[in-house]
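Working notes for the structure below.
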Amino acid sequence: MTEPSIEWHAEGKISFTTLVTDLLRTGQSVLDDGSFPFPDARAAQLTFWNLAHVGAETGVDNILLTELPDGLSKDSLARLFHERVHYAQLLSYPLLQLKFLHELEELRARVAQRGGEPAVICGETDSDRTAPLSEVLQEKQFMSAIMEGSPKVDDPDIVTIPGGGRDAGLVRAQFIDPSGRQMPGFAGVLLFGESPLLVPFNASNMLESAAYVTQLLFEGAPLPRMAEKGSPSEQRYKGCWEVWRRMNAHRYGTENDLALAFLAAVDLAFSAHVLALQDGALKTALERADYSVAVRYVHARLGYIMLASAALDPLDSSDSSNEALHAIQKFQHDCSDYLSWPDTGRTYRFMAAFLTHRLIRSSLWSFEQTVDVDKDALRTALLTPPDELADNLDVLVPMWRMLEASFHSSTPDVGSPNYVIGSRLLAKMIASSVFRGSDQPALAAPHLQPQTLREYFQLPCVRVGDQYYMDTAVGSLESLARQAIRIPTINLSVDCIQLAILEPVRSNQSQCGLIDPLTRTANCYYVASGAGCPQLGLTKAQQERRITEQVYDWCHWANVSLWTALAPDSLQLEWRERWRTTQINQPSGAPQAAAYLGVVQKYAQRVKAAFQRAIDSGDASIAPLAAYDLGLLLESQGDAQGARAAFQRATDSGDASIAPLAAYNLRVLLESHGDAQGARAAFQRAIDSGDAAIAPLAAESLGLLLGYQGDMQGARAAFQRAIDSGDAAIAPLAAFGLGRLLGYQGDLQGARAAFQRAIDSGDAAIAPLATVNLGLALHHQGDAQGAKAAYQQAIDSGHAEAAPQAAYNLALLLQTEGDAQGAKAAYQQAVDSGNADQAPKAAVNLGLLLQTEGDVQGAKAAYQQAIDSGDADQAPKAAYNLALLLKQQGDLDGAKAAFQQAIDSGDADIAPLATITLGLLLQGQGDVQGAKAAFQQAIDSGNAAIAPVAKIRLRQLLQDQGGAQSTKEAH
Amino acid sequence: MSINIVEGTRPSMTEPKNDVEISLSTSQDELFASLVPASERAELYSFDGLVARGRAIFRGTFLSVQQIVCPIYKKSDMDDEVQLVTLLVASLAGQAALGGIPVVPFAALMVKIGLSRLCESWKAPDD
Chain U
1 MTEPSIEWHA EGKISFTTLV TDLLRTGQSV LDDGSFPFPD ARAAQLTFWN
51 LAHVGAETGV DNILLTELPD GLSKDSLARL FHERVHYAQL LSYPLLQLKF
101 LHELEELRAR VAQRGGEPAV ICGETDSDRT APLSEVLQEK QFMSAIMEGS
151 PKVDDPDIVT IPGGGRDAGL VRAQFIDPSG RQMPGFAGVL LFGESPLLVP
201 FNASNMLESA AYVTQLLFEG APLPRMAEKG SPSEQRYKGC WEVWRRMNAH
251 RYGTENDLAL AFLAAVDLAF SAHVLALQDG ALKTALERAD YSVAVRYVHA
301 RLGYIMLASA ALDPLDSSDS SNEALHAIQK FQHDCSDYLS WPDTGRTYRF
351 MAAFLTHRLI RSSLWSFEQT VDVDKDALRT ALLTPPDELA DNLDVLVPMW
401 RMLEASFHSS TPDVGSPNYV IGSRLLAKMI ASSVFRGSDQ PALAAPHLQP
451 QTLREYFQLP CVRVGDQYYM DTAVGSLESL ARQAIRIPTI NLSVDCIQLA
501 ILEPVRSNQS QCGLIDPLTR TANCYYVASG AGCPQLGLTK AQQERRITEQ
551 VYDWCHWANV SLWTALAPDS LQLEWRERWR TTQINQPSGA PQAAAYLGVV
601 QKYAQRVKAA FQRAIDSGDA SIAPLAAYDL GLLLESQGDA QGARAAFQRA
651 TDSGDASIAP LAAYNLRVLL ESHGDAQGAR AAFQRAIDSG DAAIAPLAAE
701 SLGLLLGYQG DMQGARAAFQ RAIDSGDAAI APLAAFGLGR LLGYQGDLQG
751 ARAAFQRAID SGDAAIAPLA TVNLGLALHH QGDAQGAKAA YQQAIDSGHA
801 EAAPQAAYNL ALLLQTEGDA QGAKAAYQQA VDSGNADQAP KAAVNLGLLL
851 QTEGDVQGAK AAYQQAIDSG DADQAPKAAY NLALLLKQQG DLDGAKAAFQ
901 QAIDSGDADI APLATITLGL LLQGQGDVQG AKAAFQQAID SGNAAIAPVA
951 KIRLRQLLQD QGGAQSTKEA H
Chain X
972 MSINIVEGTR PSMTEPKNDV EISLSTSQDE LFASLVPASE RAELYSFDGL
1022 VARGRAIFRG TFLSVQQIVC PIYKKSDMDD EVQLVTLLVA SLAGQAALGG
1072 IPVVPFAALM VKIGLSRLCE SWKAPDD
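One line per chain: the protein sequences are U and X, in this order.
First residue of the first sequence: 1, per the numbering used here; consecutive thereafter.
First residue of the second sequence: 972, per the numbering used here; consecutive thereafter.
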């Protein structure tokens, strides 16, 4: 928990090669420690040694990320936004994707040069090949020229646009890499009096300028103007924008539109088809050299766009963000059409196909034995060139599903099958390309829809000193589900950390990349947790602890260096010996996870022991949390008594953050074990704490508890308290609970109002449920039309629980109104939902309805569906109904089998009924023995309704058979 | 419309200045930024991110060379900033503790921040 009064100020940085984001503290004195005074990541530290032990034992590098704490100042959040923009750029722009591949290939080449195992790193070549280092470095120089280069001016004449000022313009310029390769394009020129400033349109300047402008718009800060040349930093962040501004300001009605047009221009420039030469569809067009340049080089594109846009209507938007997005889209389409450039959607789809090829070819070896691979689909995908796949990405869908499976790990103790470094980030790039290929103008100006940025480009690893965090923005499952390759952001952090560790390899060094070479500090989770850095040297205490915990010299670097076979021989031998008894698979130098069950068992015991040690320490900063976490663990293991004691200890600690949470959990436990008074008291403590997060939740839960206990007044008051808190998550839930309470009490008017409140919240989880219940309340009030409308609304919501429930309720309503067709359709909807609660009973009712209409086949099918559901209540009913139907149809063998199914269910009501009915059937067939046995079974059931009848039936049967002895037995 | 531009972006100079003087006339923020090695500069920073990184580098480096710098400062009685920077540069050049950061901007930063402030908490071994 945080202290909201403290604000932390930070600048940001994201790495091209590792995609790690660093937050760099500002606002302190120059000699003050730059680390942030965040509260200790106590949860992470408590479990550190156990995770480290498991990692050492199984060869899996466990990286625990907690969420970035609250407290970042508003301007720092804007910096985080800035880095998120860069992250989106790095993932989705073709030039930067290619750069990332080059960087990976360089790593592979260097690892191979040092005798390591390059196959464990993704790259441009297939897994069993590596490009020569010299070629890779040549490409790197070419890329550096595009990224950072200063161009050579070809023609000093400045080109301006009509009506524009004479203080800015473009010049034709060439980027030249050290090998002499020339890349024609443009550069910007700014005049300060008579003194010119050349603004290179290199990629870094363009990226920074765009990110800075969108950041300022996000903050609501004024856009910059360069009154003087400024520092190199100012030129980098403001230069490209200033050129655009001076050239175009006279054409735009508002500065906002001017800025949007700039952002759209840069985004369009970066949508360059960098691999156009491999695209057969463009072969003819690219024969024109200037067109080829314009299609492929970002620095050239920006100049062309600046000139072309002067011939077109300026971008014009209203204040609403939707209009702005349309305006951006129009601007980009108009420019592309004017310049006859290929559709950028195709460019992104091409990159998606290209990267998919690269990813499969460099990582398939790691998972093809353990993941289901459709060989035909694989062959088709790999043999179809990217330019053909760009027109039909559906061919790659099976490959994407395969890749998803390769990244899946069933537990943190067992690594995923695909452990090739960089594979996850490449997968994310593929998903980003597909996303961009669907025309996403919001990404040109992310400040217009920051939510889109947060959903799709959540930063995978935010490093603050030696702590790693997840981005504050949490992506939703819906957005994850819509991505081409569904890889949760947290899975990407592994790649980021591993690539960071390997950075020194680029300069032929062996040390860990998490050690800052300039400050000699290790920015590492192991150091943050007190385990020290084996490379920098361990203290005696650290050595001893590592031995005790069986972590030894395990750390992120050890893991990566073993995988890449760059570890010294002594380290390799040491760890192979330790893993000798565990399952180790190929390739050499790459350890695999050990047997799952034994590890997990051991893990749970060690966690408990660790928590107990922390509790016994009495340390006020960690003991309460340890007690709380121990309570959760014991509760999950079914040790209610132990969990109760742990939660009580955490509650009694009085810790402002933990005590209310523990009190809440304690009441859950007490309630579930029948201690209602204790639960009520625990509730009240949690409410009285006034904790903004816990009090509303406790109030809502108290309302539920009191409702169950019959204290309606108390429940009502508790629910109202939770509603009045205005908590966005709890208030709708409480309104829903209040509605149900009032419904039970017969206050239908009150229930309607409460449900309406829950509906009006728009809460995606609660509103549909409240709608169904509103329907019920309306139905009970006799408002059938209103009820139907409410049910239909709930059905249309598609809510997984509410929609089937509403369909079932609607079906019942329609059936009572005599609308058999409508009822059938609604029952069918409920059945088709597959909802575990509604589908079986809807199937039974549908079967009955169809049976009454004479649709025997339909009825049988419906009953069978209910039987197959295995629902404990409905399956026996359905089996019994089916048996009766089959008996009616003369299928006596089928009927007997169905009766037996109903009997075997053991249902207290249906089984005896089925038994006696079977007995009658057998008696009718002359199977006296069978009938006797069935009647006896029905008697033995003790069912109050059936047993007496069964006795009578058995007596009659025996009488028919004759024998006083048998008659006595029946009595 | 086109205009002939004057070639180049460097400011015109009336007389050559040495690096020390140039560094002393540069802002602290630019000096901090200049400490960041080229390989790191190429990353994507927020607007003052390079400065923030430079400050972290300065702190770490200063703490490594404090034992060299502070005695020099305590013993010298120079008022002239150029001379003081030059003296520090001469003392630190080639020191492994610098870790490859440029020594002139580093020394200029120490002087601009103020050695009395930086060495305030430093104590000689026999103090």
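Every residue gets a Cβ at the ideal spot worked out from N, C-alpha and C, and that includes glycine.
Where residue i falls: helix, strand or coil (DSSP)
i, result
"F1053/U", "Any question about residue 1053/U goes unanswered here, given that chain U covers just 1 to 971."
"I158/U", "strand"
"T771/U", "helix"
"R955/U", "helix"
"P1073/X", "coil"
"D61/U", "coil"
"Q182/U", "strand"
"Q174/U", "strand"
"F48/U", "helix"
"L378/U", "helix"
"L566/U", "coil"
"R25/U", "strand"
Within chain X, the residues that residue i reaches when beta carbons sit closer than 8 Å
i, result
"M147/U", "A1013"
Spatial neighbours of residue i in its chain, beta-carbon cut-off 7 Å, leaving aside the 5 residues before and after
i, result
"I421/U", "V120, I121, C122, D495, Q498 and L499"
"D960/U", "none"
"M306/U", "L170, W244, M247 and A265"
"F81/U", "Q215, F218 and P450"
"L634/U", "G642, A643 and A646"
"R114/U", "L566"
"Q601/U", "Note that Q601/U has pLDDT 35, beneath the 50 cutoff, so the model's placement of it is unreliable and the number below is only indicative. If we look at Q601/U and ignore the five residues flanking it on each side, it has no Cβ neighbours."
Best match in the options for proximity to residue i [C-alpha to C-alpha]
i, options, result
"A800/U", "I910/U, G834/U and A823/U", "G834/U"
"V1075/X", "R1088/X, F1029/X, K1094/X and W1093/X", "F1029/X"
"E404/U", "G750/U, P417/U, D394/U and V395/U", "P417/U"
"T917/U", "A902/U, Q756/U and A859/U", "A902/U"
"G437/U", "N508/U, K283/U, A352/U and H357/U", "A352/U"
"M147/U", "D1000/X, F1077/X, V991/X and L1015/X", "L1015/X"
"A765/U", "A259/U, G743/U, A794/U and G750/U", "A794/U"
"S204/U", "S1017/X, L1002/X, V1007/X and S1062/X", "S1017/X"
Contact list for residue i against chain U, beta-carbon separation under 8 Å
i, result
"I1028/X", "L518 and T519"
"T1032/X", "L518 and T519"
"I1084/X", "V30"
Cβ shell of residue i (< 8 Å), same chain only, five flanking positions each side left out
i, result
"S35/U", "R25, V464, G465 and D466"
Contact list for residue i against chain U, beta-carbon separation under 7 Å
i, result
"A1004/X", "S233"
"G1020/X", "E11, G12, K13 and L24"
Proximal residues of chain U, C-beta to C-beta of residue i below 9 Å
i, result
"G1070/X", "P517, L518, T519 and R520"
Chain-order list of residues whose beta-carbon lies under 6 Å from that of residue i (same chain, five-residue window excluded)
i, result
"P696/U", "A722, S725, D727 and I730"
"W400/U", "A484 and I485"
"S292/U", "L286"
"A842/U", "Y808, Y827, A830 and V831"
"A1078/X", "V1056, L1059 and V1060"
"V159/U", "G169 and L170"
Where residue i meets chain X, residues with beta-carbon distance less than 7 Å
i, result
"R79/U", "S1017"
Within chain X, partners of residue i - CB distance below 9 Å
i, result
"Y212/U", "S1017 and F1018"
"H82/U", "L1015, Y1016, S1017, F1018 and G1020"
Report task. Would you list, in sequence order, the uninterrupted alpha helix (DSSP H) runs of no fewer than 4 residues that lie entirely inside the segment 683–740 of chain U? Result -> 694–709 and 712–724
Query raised in the report: Which parts of the segment 114–143 of chain U are runs of the beta strand (DSSP E), unbroken and 3 residues or longer, counting only runs that do not cross its ends?
Result: none
Query raised in the report: In chain order, which continuous runs of the beta strand (DSSP E) of length 3 or greater are located wholly inside the segment 310–351 of chain U?
Result: none
Report task. At 4 residues or longer, and completely inside the segment 887–965 of chain U: list those alpha helix (DSSP H) runs for me, N to C. Result -> 892–904, 910–924, 928–940 and 946–961
**Report entry** alpha helix (DSSP H) runs contained entirely in the segment 435–507 of chain U, provided each spans 4 or more residues
**Finding:** 450–456, 477–481 and 489–502
Query raised in the report: Enumerated in chain order, which unbroken segments of the alpha helix (DSSP H) with a length of 4 residues or greater are wholly contained in the segment 264–307 of chain U?
Result: 289–296
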